[in-house]
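Going by our numbering, the sequence shown opens with residue 137, and the numbers climb by one from there. Below is one structure, written out as structure tokens, with a few remarks after it.
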Amino acid sequence: MSTTLVSTSKVEQMRNHFFYETFNVAKRDSPFYRNLYKTIELEGKDYRKDLQKLPLIDSDTIIKNQSAITVNNLDLQTHHRTGGTTGHVPILIHRSKQEAEMRDEVASLAFQGGKEKKLVVLILDVFHGYPWIPRSSNLYTACFTIFSFNEATEFLTNRPPIPGVESDVESIYGSLDNLKRLTHFLLGKGIDPKTLHVKHLVSNGFYVPKKWREVLQRIWGAKLIDIYAISEILGNIGQCLSCGAYHPSPSVVAEVVSIDNHSPIKQGTGLLVLTALYPFQQSFPLLRYNTGDLFEITEQKCVDIPLAPKGRFSRSVYVRLSEAPNVCFVPSSDIADLIEEIPDINRGMVFAGPQKAVFLDDLSWEFPRFSVQTNAKAEKPVVRFNLELNYDPVLYPSRIAEIGKVITEGLCKRSSSFEESLREGLISFENSFLPPNSIPWDEVFER
Ligand SMILES: [Zn+2]
């Protein structure tokens, strides 16, 4: 995969130009924005300044206004759904032919340069997201799903020569879960993934815990590149091969805003707000969309805003306090990193429900079953972790005590505000250890 470094100022000039077009087209073609921006006047010079005049919208706004947001004068040809698997109302987002073509073109740019086509393997997500298979003269894409791992294994191990296509696999693309499942499947067949000479694993979607990044890179002898992407937005925040930080793609505007008052911040951790730029996104305009995901602004070493994903806000610990440190905050990424280190935690079913059940005989590589509850209204705010174990906790009291200590110490180490809140007696912290299958599946999966 080649990277082209474009100076921030060039990208910012481009974003500045496209932002005003995005605003004008949304106001002209989408009934929702026509109404929302009725009284808003922009100066038209500095888009970062003008951006602040637009209200934030969130997923509830989208669910309530799906058809009013959609632009109908386009050749709509496909849609994707998001949110349905977690038990929430699914969002159906339509995409046009023009958008698909533009996405293919952008993909082509990323893979240009070689004499032969790059070979990529795609593990398609069958239940979720945008069903997009890149088509490009620079790419040969082999697609599989979690139901065709036998065929994927056959392809990876006995790769037949394909005329005009490189013999080594450039990248395997998939959600973190599916990359883990494929790796586990190969190991189960006695295949050493290192012998497959794959250069990159490209994960997308949810936060990648440190442990899984390390495990996958070690087992494959390949670099894991993570791309933060959500179905609602065409464009992403991808990990940079040069500096390791995450940068927004030129087709989106990324802002990090304060959790409390939604004003933009220049350092620290806050909520990620994305604007999808026209013409990259056309049929479902999204301006200042509060993703509900946390990002940290890190040290600038490279061309664009340096970011680091910190997980979903809804699974974080966040309690406002009346005295110092004023807030007790542990981002869900830190919680996930900690929980992943504890082998006693039970691992989940992939999907629940009669039509969607995927049964795996070994769940040890799946998502840990835990949830975080906060009661901020109690006289002394209570933070509770519900942790489902591989066994009945009643049977192993001394081990339970050990795990409890690991969790409390781990949280204190990762968050100074948590440590201080606990030390000063401003919050209560409790672990609730549960036998297998105690936590409802949608609580586990909402991450
Ligand atoms: Zn960089």
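For each residue, glycine too, the CB sits at the ideal point set by N, CA and C. From a predicted model like this one, the values you see are computed outputs, not experimental measurements.
Straight-line gap, Q234 to E538 (C-alpha atoms, nearest Å) = Here residue 234 corresponds to residue number 98 of the sequence shown, with the count starting at 1. Here residue 538 corresponds to residue number 402 of the sequence shown, with the count starting at 1. Taking the straight line joining both Cα atoms gives about 57 Å.
contact_flag[the region 318-336, the region 351-365] where n(CB pairs < 8 Å) is 3 or more = Verdict: yes, contact present.
Residue environment, A493, which counts as buried when at least 16 other CB atoms sit within 10 Å | Within the sequence shown, residue 493 is the residue found at index 357, counting from 1. Residue placement at A493 cannot be trusted, given a pLDDT of 45 that sits under 50; what the coordinates show is reported in the next sentence. Answer is exposed; the Cβ neighbour count stays below 16.
For E566, count neighbouring Cβ atoms within 10 angstroms of its own Cβ and tell me buried if that reaches 16, exposed if not.
-> If you number the sequence shown from 1, residue 566 lands on position 430. Result: exposed.
Ignore the nearest five residues each way along the sequence and tell me which others in E579's own chain have a CB closer than 6 Å to its CB.
-> Translated into the one-based positions of the sequence shown, residue 579 becomes position 443. Same-chain partners within the cutoff: S507.
Identify which residue in L258, A512, C379 has its Cα closest to the Cα of K437.
-> In the sequence shown, counting from the first residue as 1, residue 437 sits at position 301. The shortest C-alpha separation from K437 is found at C379.
Ignore the nearest five residues each way along the sequence and tell me which others in K402's own chain have a CB closer than 8 Å to its CB.
-> Looking up residue 402 in the sequence shown gives position 266. Once the five neighbours on either side are set aside, the close Cβ partners of K402 are I433.
With distances taken between CB atoms, is the gap from A512 to R456 smaller than 8 Å?
-> Counting from 1 along the sequence shown, the entry for residue 512 is found at position 376. Counting from 1 along the sequence shown, the entry for residue 456 is found at position 320. Yes, the pair counts as a contact, with Cβ atoms nearer than the cut-off.
Let me know if Q491 comes out buried or exposed under the rule of 16 or more other beta-carbons within 10 Å of its beta-carbon.
-> Stepping through the sequence shown from its first residue, residue 491 is reached at position 355. Model confidence at Q491 stands at a pLDDT of 46, short of 50, so the residue's coordinates are unreliable; what they give is reported in the following sentence. Answer is exposed; the Cβ neighbour count stays below 16.
Below 8 Å between beta carbons: does that hold for S469 and E524?
-> Mapped onto the sequence shown, residue 469 falls at position 333. Mapped onto the sequence shown, residue 524 falls at position 388. Their beta carbons are not under 8 Å apart, which means S469 does not touch E524 by this criterion.
Would you call H153 buried or exposed, if buried means 16 or more other Cβ atoms sit within 10 Å of its Cβ?
-> Stepping through the sequence shown from its first residue, residue 153 is reached at position 17. Exposed, by the Cβ-count rule.
If we count the other Cβ atoms within 10 Å of its Cβ and call it buried at 16 or more, is S339 buried or exposed?
-> Taking the sequence shown and counting its residues from 1, one reaches residue 339 at position 203. With 16 or more Cβ atoms within 10 Å of its Cβ, S339 is classed as buried.
May I ask you to list the residues that DSSP assigns as paired with I363?
-> Start at 1 with the first residue of the sequence shown, and residue 363 comes out as number 227. I363 is bridged to N340, G374.
Which residue's Cα is closest to the Cα of F229: K185, T289, A204?
-> Along the sequence shown, one-based indexing puts residue 229 at 93. Per the sequence presented here, residue 229 reads as Ile, with Phe not at that position. Looking at the Cα atoms, A204 is the closest of the given residues.
Can you tell me the Cβ-Cβ gap for R151 and V389, rounded? I've got them flagged as a contact below 8 Å.
-> Here residue 151 refers to the residue found at position 15 of the sequence shown. Here residue 389 refers to the residue found at position 253 of the sequence shown. R151 to V389, Cβ: 6 Å. Contact.
Under 8 Å, do I193 and N426 count as touching if we go by C-beta distance?
-> For the purposes of this step, residue 193 is taken as residue 57 along the sequence shown, with counting starting at 1. For the purposes of this step, residue 426 is taken as residue 290 along the sequence shown, with counting starting at 1. Taking 8 Å as the Cβ cut-off, I193 and N426 qualify as a contacting pair.
Starting from the C-beta of S564, find all residues in its chain whose C-beta is less than 6 Å away, skip the five residues before and the five after it, and write them out in chain order.
-> Here residue 564 corresponds to residue number 428 of the sequence shown, with the count starting at 1. Closer than 6 Å at Cβ, skipping near neighbours: K516, V518.
Taking only heavy atoms of ligand 1 into account, decide whether any of them is closer than 7 Å to the Cβ of A390.
-> What you label residue 390 is simply residue 254 of the sequence shown in a count that begins at 1. Incorrect: A390 has no Cβ contact closer than 7 Å to ligand 1.
Please state whether DSSP places H153 in a helix, a strand or coil.
-> Walking along the sequence shown from the start, residue 153 turns up at place 17. DSSP places H153 in helix when its eight states are reduced to three.
Cβ-Cβ distance between P421 and V207 below 8 Å = Taking the first residue of the sequence shown as 1, we reach residue 421 at position 285. Taking the first residue of the sequence shown as 1, we reach residue 207 at position 71. Contact: yes.
Rounded C-alpha distance that separates K200 from I227 = Here residue 200 is taken as the residue at index 64 of the sequence shown, counted from 1. Here residue 227 is taken as the residue at index 91 of the sequence shown, counted from 1. Approximately 10 Å, taken between the alpha carbons.
C379, enclosing beta strand (DSSP E) - first and last residue | Residue numbering aside, residue 379 sits at position 243 when the sequence shown is read from its first letter. Taken as a continuous stretch (DSSP letters only), C379 belongs to no beta strand (DSSP E), as it is neither H nor E.
Could you tell me which of S458, F449, E179 sits nearest to V392, measuring between CA atoms?
-> Numbered from its first residue, the sequence shown carries residue 392 at position 256. That would be F449, whose Cα lies nearest to the Cα of V392.
Have a look at L562 and T197 and give me their C-alpha separation to the nearest angstrom.
-> On the sequence shown, position 426 is the one that residue 562 refers to. On the sequence shown, position 61 is the one that residue 197 refers to. One alpha carbon belongs to L562, the other to T197, and they sit about 35 Å apart.
Roughly how many angstroms separate the alpha carbons of S284 and L318, rounded to a whole number?
-> Translated into the one-based positions of the sequence shown, residue 284 becomes position 148. Translated into the one-based positions of the sequence shown, residue 318 becomes position 182. Straight-line Cα distance between these residues: approximately 10 Å.
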